[in-house]
Each structure stands twice: as C-alpha cells, then as structure tokens.
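Before any comments, here is the structure.
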Amino acid sequence: MFSVVVRSGGPAARRAPGAARYPRRAGAGRPGGSEPLRAILRGSRDLAPDVRHFLFEVENVSAFPFQPGQFVSLSGDVNGKRITRAYSIASVPDGNRFEICLNRVHDGIFSPKLFAMREGDAVDIKGPVGTFGIRDAAADMVMAATGTGVAPFRSMIRHHLDTGGAGRITLVFGVRYEKTLLYRTDFEQWARDNPRFRFWPTLSRPEPDWQGRTGHVQAHVLEAVGERRDCDVYICGLKLMVDDLRRRLLELGFEKKRLIFEKYD
C-alpha cells in the first residue's frame with residue numbers, strides 16, 4: 551500500500567500498484583469542507599532503495615487534524631491529465647504537518663512526479679479520509695505489515711504510546727531484505743522505551759549474518775497471538791498475505807470483528 555498504503559480517487563485517478571481499498575468518508579478535503587488544500591514539501595529522506603519519506607505542511611491552516619491510520623489524497627497534473635493517489639499518513643497529528651512514505655514505481659504515473667519534488671514545491675491534497683485505526687485502545691493488539699503497509703502502523707503505534715493506551719502491541723513487520731526495514735530505528739527505540747510495545751521484524755530473504763526472525767509474517771503472527779483469541783489483529787499489506795492470515799486466524803477461532811485489515815490490489 552505504502553508502495554505506501556495507496557488508494558486511487560476521482561474519475562481521472564487509477565489505482566496504483568500497492569493500492570489499498572478504503573471506504574470514503576463524507577467531507578473529505580479542507581478540514582470542515584470539500585475544497586482541496588495545498589501542501590508544501592518541507593523535507594524528505596530515503597528510507598530504502600526506491601522508498602522515500604515525505605514531510606508536508608498544509609497551507610493556510612493552523613491545524614490539519616486526522617485520526618492515526620487515515621490517509622490523504624494527493625493530486626497533480628501528469629501529461630495533461632489530473633492524477634490522484636491516496637497515501638496513508640505515517641505520522642501523528644502535529645499542527646498543520648503530516649508525513650507519508652511511498653515506493654517509486656519507475657514506470658508509474660504519479661510516484662515519479664512526487665520523487666522529483668523539491669523542498670518548497672506544492673501539491674494539491676484532500677482528506678483526511680478512512681476508518682482504519684485502533685478500535686479499542688484497552689485491548690492487546692498484534693499488527694502485521696509487509697513493505698510500506700507499515701506506514702499507518704507507525705502513526706497508530708506512536709499515538710497509542712503517546713496517549714497512554716493500555717493495550718499492548720506487537721508489530722510483526724515482514725520484508726525481503728534487512729535494508730528495506732522501514733522506520734526500523736523508530737520501532738526499535740519505541741520497543742526499548744515502552745514495555746507495552748514489541749517489534750518483531752522478519753526477513754524472507756535474509757543475509758547470512760541476520761540474527762532475527764525469518765520467513766513470512768503469517769507464522770510469526772500466529773506465534774504472537776498464541777492461545778489468545780481476545781486480542782485484536784490489524785493487518786496491512788499484500789492481498790495474498792492478508793487473505794491467508796485472515797483465513798488462518800478464522801480457522802483458529804478468531805471472531806471476524808477482531809480482524810481489522812487493509813490490503814493491496
């Protein structure tokens with residue numbers, strides 16, 4: 551999704567690779583209205599090969615409120631066409647600022663345009679939108695992500711820890727290579743500082759010197775839940791992973807309402 555968690559929007563938009571399906575919410579756009587806003591790029595940094603983190607500041611507003619787990623739609627003109635893509639917010643509310651991360655799709659339509667942006671450049675936005683987020687802050691949680699699907703969890707976990715949520719969180723984050731463990735430093739620091747948070751990275755193609763977990767996310771999520779069926783499981787990533795993990799958890803006796811998910815096309 552992230553790709554970031556991405557959602558297409560509008561008649562001119564096309565769902566990007568790694569796109570997630572999100573429900574629409576009335577009133578998207580300017581906080582309290584439906585008109586688009588302008589966001590100025592204030593900084594960016596590479597997280598991994600072809601994955602970049604962006605910091606935007608929304609013009610002419612003092613605050614850009616959103617719920618952790620929501621997404622924002624970015625729009626721009628590409629070859630004479632208006633293109634819109636939606637990206638999950640990877641930060642907690644901070645005045646009029648928000649952060650996203652995304653994959654560069656070299657033959658894509660919109661991501662090369664965003665990767666070409668320089669500090670001070672602007673883009674049109676609408677949002678925030680979406681209902682993906684922590685349902686019960688008192689419940690224990692397992693969060694499972696692959697790739698840029700970890701972005702909404704960065705927002706959700708940070709907010710949960712900052713606001714004193716009672717529930718314990720285990721983040722199981724799966725990627726192919728160690729160099730693509732996005733936001734690793736953040737998650738490792740949060741795990742050191744907070745006994746309510748555990749970070750379980752797993753690699754499907756580890757180097758010989760890797761000492762951590764290996765294999766796919768699904769097996770480690772089952773390890774994390776153990777015999778419990780009273781925790782909530784949040785899943786964000788590739789469709790095959792999400793569908794397979796949901797199937798396994800349902801077979802173990804989990805109630806559907808405890809499985810909250812977003813998946814890529």
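Following this note's numbering, the numbering of the sequence shown begins with 551 at its first residue and continues without gaps.
Cβ atoms here follow ideal geometry from the backbone N, Cα and C, with glycine treated the same way.
Source: prediction; values computed, not measured.
Classified as buried, Thr696 has 16 or more neighbouring CB atoms from the shown chains inside 10 Å of its CB. For Val611, no beta strand (DSSP E) encloses it, and the DSSP letter there is neither H nor E. The continuous beta strand (DSSP E) containing Ser638 extends over residues Lys631 to Ser638. Annotated three-state conformation of Val775 is helix, per DSSP. Around the CB of Pro599, fewer than 16 other CB atoms lie within 10 Å, so the residue is classed as exposed.
Arg602 has its alpha-carbon roughly 18 Å from the corresponding atom of Gly787. Within the same chain, Ala589, Ile590, Arg592, Asn646 and Arg647 come within 7 Å of Glu607 by CB-CB distance, once the 5 residues on both sides are set aside. Every unbroken stretch of the beta strand (DSSP E) spanning 3 or more residues and falling wholly within the stretch 716-770 is given here in chain order: 719-725 and 747-753. The three-state secondary structure of Gly697, taken from DSSP, is helix. In this structure Asn653 is buried. Its beta-carbon is surrounded by 16 or more other beta-carbon atoms within 10 angstroms.
The stretch 668-676 and the stretch 760-767 do not touch, with fewer than three beta-carbon pairs separated by less than 8 Å.
By the 16-neighbour rule on beta-carbons within 10 angstroms, Gly715 is buried. Taking C-alpha positions only, Arg808 is separated from Gly630 by approximately 44 Å. The closest CA to that of Arg778, considering only Glu805, Arg726, Arg685 and Val679, is found on Glu805. Per DSSP, reduced to three states, the secondary structure at Asp782 is strand.
Between Ser638 and Pro586 the beta-carbon gap is near 19 Å, outside 8 Å, which marks them as no contact. Beta-carbon to beta-carbon, Val679 and Gln620 are separated by about 6 Å, close enough to satisfy the 8 Å threshold. The C-alpha of Arg635 is placed about 33 Å away from the C-alpha of Ala689.
In this structure, Val700 sits near Leu732, with a CB-CB distance shorter than 8 Å. Following the DSSP letters along the chain, one finds Ser594 inside the beta strand (DSSP E) bounded by residues Leu587 to Ala598.
Pro662 sits in a helix when the DSSP states are folded into three classes. An exposed status is given to Asp780, since fewer than 16 other beta-carbon atoms sit within 10 Å of its beta-carbon. Gln617 and Tyr727 have their alpha carbons spaced roughly 31 Å apart. Note that the C-beta distance between Ser754 and His766 is below 8 Å.
A straight line joining the alpha-carbon of Gly803 with that of Gly776 spans about 12 Å. Beta bridge pairing from DSSP links His710 with no other residue.
With a cutoff of 8 Å on beta-carbon distance, Met691 and Gly717 are scored as near each other. For Phe648, the beta-bridge partners assigned by DSSP are Phe606.
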